[in-house]
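Read the structure below first, then the notes.
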Amino acid sequence: MSWLFGGSPKSNLPPITPLQEQRSKQIHSLRTLNPSIVELKRDEQYRLTLSAGGNNIALIISLPPQFPQDKPLVKVSPALNHPWVSKSLQVTGCASLNNFGVHSDLGRVIQSIAQELRHNPPLLISSTTGAAAEPVQQPGAGAQPPPSYQPYSTPASMQLPRQGGPQHRPSLPQRSQQPPQQLGATHNSIAPGAAAAGGHSQSAPVDVVKMLGVEPMVPPTGMVTSSVTYQPPPITALFDNLHLGNKSMQELQELYENEAKVMDIVKESAQVKQMLHDRTKLYDDCEQLSGTNLSYKPVIEKKKDELLQKVQDRNDMKNKFDFNSLQQQSNSERFLPENILDNLRVSAAEAEHDSEKLADNFLEGKVPIDDFLKQYTDLRKTLHLKKAKEEKLDHMIQKNAIRY
2 MSWLFGGSPK SNLPPITPLQ EQRSKQIHSL RTLNPSIVEL KRDEQYRLTL
52 SAGGNNIALI ISLPPQFPQD KPLVKVSPAL NHPWVSKSLQ VTGCASLNNF
102 GVHSDLGRVI QSIAQELRHN PPLLISSTTG AAAEPVQQPG AGAQPPPSYQ
152 PYSTPASMQL PRQGGPQHRP SLPQRSQQPP QQLGATHNSI APGAAAAGGH
202 SQSAPVDVVK MLGVEPMVPP TGMVTSSVTY QPPPITALFD NLHLGNKSMQ
252 ELQELYENEA KVMDIVKESA QVKQMLHDRT KLYDDCEQLS GTNLSYKPVI
302 EKKKDELLQK VQDRNDMKNK FDFNSLQQQS NSERFLPENI LDNLRVSAAE
352 AEHDSEKLAD NFLEGKVPID DFLKQYTDLR KTLHLKKAKE EKLDHMIQKN
402 AIRY
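Sequence positions in the sequence shown follow this note's numbering and run 2 to 405.
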């Protein structure tokens, strides 16, 4: 509690070792050079969130017990491919981290890792296929049309009864599979070029986030990425409502090439509306929680002032107690039996010296007889009283009759 009451001359806490002092300096450097760092576990684990190639990447810094003698452990999240990152998602390609020692600077080491990830953005690994997610290629003006369409069989849940009896229906063209994108990323899709066979027009890239009218979702600082998971509503009903089985080949081709129209359909779907509603509700809940926290500020400020006043009162009482303790200690030393005995001996010796000096003056005729008798009698009486007290006190001390 020394931090609360202004310190104490004595402390039961063990002294700070040189290793602990070096550890504190390294942590201070980490916080100073990386202001957005977040402490996950006090003096042991920290998290730095950065943006690289449009993706949010987290660096998890773990400090071993013997740090900085032992080098720190740095891992990344989510899973990604990068020359500096091993298969276990541990940073192993940074020379300053591999050669880390007591005289290294942890803040600058983490800075160098963050700069490397920003200058050479890694490829995220898909959680479903395990393959690296690559950017979508945009063909030029002379681009060739997409590969030949593969037959597509409509699932049983999407097949609808056809009017007018059985008849041949064109199959739905199958688009090339693209790896899943993170929520908040911009999805640019290009339809076949104008110079391709069939004379299809080229559609402009569509920004999904802008079309839906939402902001990119960024994981809160200090929160582990794996914990930021949102399960969107099922979209099976969305495809059922499109009635793809009843559309002609031309309608399917137009729908395939006009991605803006597809996004309008997605935007008006109940599933996307539910997701946006959930997001708005989460914003409202966060705003309400922040308002509740701010309402506690006056109470906390009042308690803080009361605490400071009590600390001041405590310090005043402590100073007064220390002064009285010194007074009591001084008085105790003055009235020790040994000190009293010494004072009696000195006083008796002075009385004896004064009486002998008075007798010498009387013999020399310097003092009248009446004055001599009165003064000499008083001096000798005082001398014998002090001698008696001295002997009595000395006897009591020798017999250990006084406990002090």
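Ideal placement from N, C-alpha and C gives every residue a C-beta, glycine not left out.
Cβ-based neighbour list, residue i, same chain, cut-off 6 Å, excluding 5 preceding and 5 following
i	result
proline 16	none
proline 122	Ala53, Gly54
methionine 318	none
glutamate 357	none
proline 65	Asp71
tyrosine 329	Note that residue 329 is glutamine in the sequence shown, not tyrosine. No residues qualify anywhere along the chain.
serine 158	With a pLDDT of only 41 at serine 158, under 50, the local geometry of the prediction cannot be trusted, and no value is derived from it.
threonine 18	none
Sub-8 Å separation of residue i and residue j beta-carbons
i	j	result
arginine 48	isoleucine 61	yes
serine 89	serine 113	no
leucine 51	glycine 108	no
glutamate 391	leucine 337	no
glutamate 45	serine 63	yes
leucine 384	glutamate 353	yes
leucine 394	leucine 359	no
glutamine 91	lysine 76	yes
leucine 253	lysine 262	no
isoleucine 111	asparagine 35	yes
leucine 124	leucine 74	no
lysine 388	alanine 349	yes
asparagine 340	glutamate 334	yes
Assigned exposure category for residue i - 16 Cβ within 10 Å defines buried
i	result
isoleucine 370	exposed
phenylalanine 101	buried
methionine 397	exposed
proline 84	exposed
alanine 198	Unreliable positioning characterises alanine 198 in this predicted model, as indicated by a pLDDT of 37, which lies under 50. A coordinate reading is not provided.
glutamate 260	buried
glutamine 27	buried
valine 312	exposed
arginine 43	exposed
valine 103	exposed
lysine 400	exposed
isoleucine 38	buried
valine 273	buried
leucine 283	exposed
leucine 295	exposed
leucine 118	buried
Sequence-distant residues of its chain with Cβ nearer than 7 Å to residue i (five each side left out)
i	result
aspartate 355	Leu380
glutamine 116	none
Residues sharing a beta bridge with residue i, DSSP
i	result
serine 78	Ala59
glutamine 46	Lys42, Ser63
valine 92	Val86
alanine 53	Asn56
leucine 125	Leu81
Residues near residue i by beta carbon distance below 8 Å, same chain, minus five either side
i	result
valine 86	Val77, Val92, Thr93, Gly94, Pro123
phenylalanine 68	Arg24, Gln27
glutamine 310	none
threonine 293	none
Proximity test, residue i beta-carbon vs the ligand FMN heavy atom, cut-off 7 Å
i	result
isoleucine 111	The ligand FMN is absent from the structure shown, which contains no ligands of any kind.
Item checked: Length at least 4, wholly inside the segment 306 to 365: the alpha helix (DSSP H) runs in chain order -> 338 to 364
Next item on the list: Taking only runs that begin and end inside the segment 258 to 293, name each unbroken alpha helix (DSSP H) of 4 or more residues, in chain order.
Entry: 260 to 268
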